[in-house]
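Protein chains in written order, with my numbering: chain A, 1 to 266; chain B, 1001 to 1266.
Number of protein chains: 2
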Amino acid sequence: MAAWARAVRGVLLDISGVLYDSGGDGGGAPIAGSAEAVRRIKASGLKLQFCTNETQATREKFVKKLQGLGFDISVPEVTAPAPAACRILKERGLRPHLLVHNDLVPEFAELDKANPNCVVIGDAAENFTYANLNEAFRVLIGMEKPVLIALGRGRYYKETDGLKLDVGAYMKALEYACDVEAEVVGKPAKPFFESALAAMGVPPQQAIMIGDDIVNDVGGAQQCGMRAVQVRTGKYRPCDENHPHVKPDAYVNNLAEAVDILLQQL
Amino acid sequence: MAAWARAVRGVLLDISGVLYDSGGDGGGAPIAGSAEAVRRIKASGLKLQFCTNETQATREKFVKKLQGLGFDISVPEVTAPAPAACRILKERGLRPHLLVHNDLVPEFAELDKANPNCVVIGDAAENFTYANLNEAFRVLIGMEKPVLIALGRGRYYKETDGLKLDVGAYMKALEYACDVEAEVVGKPAKPFFESALAAMGVPPQQAIMIGDDIVNDVGGAQQCGMRAVQVRTGKYRPCDENHPHVKPDAYVNNLAEAVDILLQQL
């Protein structure tokens, strides 16, 4: 990592599993050294943007939680799937049926939801009930050409009380039932990383992604021409290091170590 | 259909959507003419076996319900996934974690379920909760080599109160989350049709499958060398007639019509 770190001008940070481990109760626990690491990046003059697939809350609510955990973070610094999806829905005149977390619903407040012509699926957590999944399915299968928009395609994530199925698993269930392919907004979709890079004003060759997800963080960022580092925190598992398709540019034990190496090269 | 029906010596009948439309409350409504059609097949001397992916109840309970709806049916006449799965589990020394309907659990009574080394997923219906899906996922992801056994791979089915996601959708969710391929017991798996044919003592060339599922009934039976007819009842939808891969040997409006044509050729 030291070999190429001096070219880095901007840092994209995943949040869950890198800054903190989220809790099933909506809370969570900071990962040791991460709050200090964020402050050090900001003090160094490197550009910084948070790039998350978090869809369990509005950005406002999510940022407030992270501030409460001691992180220096603000809403404009966060690239998240729901606002990106809203832009797409407006552009295409789509009226969503929402299968999302209750706390995310306000992000879609401006959109007409009567007589839906698409389904938007996020990490609905406790809202992934048998009844809600059947309802979303019936809306989709009733369309002449079903439109399914997924806020991410993650397989699972780690909360303080254990691993949980992520939106990608439920997306696959609806894709299979309706014989349709979802349009994914969020990591690893290229336009999503590009909008995070645009927010920093840094080209991909000068940017680094730091995340715990081998496919969505590391693989997605590399597809955009960025360097990408996997932390050994969050959902990281040792077998990730034998992934058949994705090889990170480096491994670090945690965010603090990544920032140590980055700042030594400045 | 009349052209080849005279070669038929044995009939495999799907149950849900052919004999009756099941109800979300565990009941259901017979499809007009179906009970009489079953009696006519039996009176004709044709061999008959019911071949179902039903996994919401033990065969005993399911057969009792159908008898209550007026059908002439008995347990040995029914080929169903759970008994087939039990045989496989015993042969391979597998201890299942069950994600199935409460009423199916007795089918697995003889098996050791402590310290599970596989997950068995059926149409769990109301048991497809967020918590139960996470639990099955954690059991799977904790195995060195996850073993997932699915009692069918249906996409959805129709109950009296609407379409419902079937086991295949939830199977896909777990497959994706754990990067594993499920072993499917039940239609459209070839060994399953073969065991139904063996129960009748009729070779595939002299057998007909009558079902409402274009892929699992019609496509699966044809793969085994049988003729297969799709009824326009149950989950049938007009767009099934444009299916890209599967073309039934005939369409009929319902089971009664299929039996009319069959018996005219005897």
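Here a beta-carbon is modelled for each residue, glycine too, at the ideal position from N, C-alpha and C. None of the values given here were measured: they were computed from a predicted structure.
Span of the beta strand (DSSP E) around residue i
i       : result
L69/A   : Premise fails: L69/A is in no beta strand (DSSP E) and is neither H nor E.
S74/A   : It is not in any beta strand (DSSP E) - S74/A carries neither H nor E in the DSSP assignment.
D260/A  : From DSSP, D260/A is part of no beta strand (DSSP E) but of the alpha helix (DSSP H) over 255-264.
K158/A  : 156-159
V1252/B : 1250-1252
Y236/A  : Per DSSP, Y236/A belongs to no beta strand (DSSP E) and is neither H nor E.
D1021/B : 1020-1022
Residues that DSSP places opposite residue i in a beta bridge
i       : result
P244/A  : Partner(s): none; P244/A has no beta bridge.
C118/A  : P96/A
M209/A  : L12/A, A228/A
E1183/B : I1149/B
L163/A  : K158/A
Selection from the options that minimises the alpha carbon distance to residue i
i       : options                            : result
E54/A   : A198/A, E159/A, K190/A             : E159/A
N253/A  : H243/A, K235/A, H245/A, Q67/A      : K235/A
V1192/B : C1178/B, V1180/B, Q1223/B, Q1206/B : For clarity, residue 1192/B is Phe in the given sequence; the question names Val instead. Comparing Cα-Cα distances from F1192/B to each of C1178/B, V1180/B, Q1223/B, Q1206/B, the minimum goes to Q1223/B.
I73/A   : F108/A, G23/A, A258/A, K47/A       : K47/A
A32/A   : K187/A, Y20/A, D123/A              : Y20/A
A199/A  : I261/A, N115/A, V75/A, R95/A       : V75/A
D240/A  : L94/A, A131/A, N216/A              : N216/A
Q1264/B : G1026/B, S1022/B, I1041/B          : I1041/B
R1138/B : M1/A, L165/A, D123/A, K247/A       : L165/A
K190/A  : A7/A, T129/A, G219/A, I214/A       : G219/A
N242/A  : R227/A, A258/A, I214/A             : I214/A
M1226/B : R1237/B, A1250/B, A1082/B          : A1250/B
R237/A  : W1004/B, A1003/B, E1144/B          : E1144/B
Q1206/B : R1092/B, L1266/B, V1246/B          : L1266/B
Between the CA atoms of residue j and residue i - distance to the nearest angstrom
i       : j       : result
K1065/B : L1197/B : 24 Å
T1233/B : Y156/A  : 38 Å
V38/A   : L255/A  : 9 Å
A1109/B : L1148/B : 19 Å
I208/A  : V184/A  : 22 Å
P188/A  : A1080/B : 41 Å
T1129/B : G23/A   : 19 Å
R1006/B : E1181/B : 40 Å
K113/A  : D123/A  : 19 Å
G1027/B : L1099/B : 22 Å
D1025/B : D25/A   : 33 Å
G45/A   : L94/A   : 41 Å
M1/A    : E257/A  : 11 Å
C86/A   : G68/A   : 27 Å
A1043/B : G1186/B : 28 Å
N1127/B : G154/A  : 23 Å
P30/A   : A125/A  : 21 Å
G1201/B : A1221/B : 16 Å
D1161/B : G142/A  : 15 Å
C-beta contact flag for residue i and residue j at 8 Å
i       : j       : result
F1062/B : A1035/B : no
L1140/B : V1119/B : yes
L133/A  : L111/A  : no
A1136/B : Y170/A  : no
V286/A  : V231/A  : Past the edges of chain A, shown from 1 to 266, lies residue 286/A, and the structure says nothing about it.
C178/A  : P204/A  : no
I1210/B : V1167/B : no
A1084/B : S1195/B : yes
E77/A   : Q49/A   : yes
D1014/B : D1260/B : no
H1101/B : P1116/B : no
P106/A  : T52/A   : no
P1244/B : A1228/B : no
A1131/B : L1104/B : no
V1008/B : L1163/B : no
Endpoints, the alpha helix (DSSP H) within which residue i is located
i       : result
Q1223/B : 1220-1223
Y1170/B : 1167-1178
I41/A   : 34-44
P1030/B : Unbroken run through P1030/B is the beta strand (DSSP E), 1028-1030; no alpha helix (DSSP H).
F50/A   : From DSSP, F50/A is part of no alpha helix (DSSP H) but of the beta strand (DSSP E) over 47-51.
E1194/B : 1190-1200
F1137/B : 1130-1141
A5/A    : 2-5
Short CB-CB distance (under 8 Å) between residue i and chain C
i      : result
R138/A : Of the protein chains in the structure, A and B, none is chain C.
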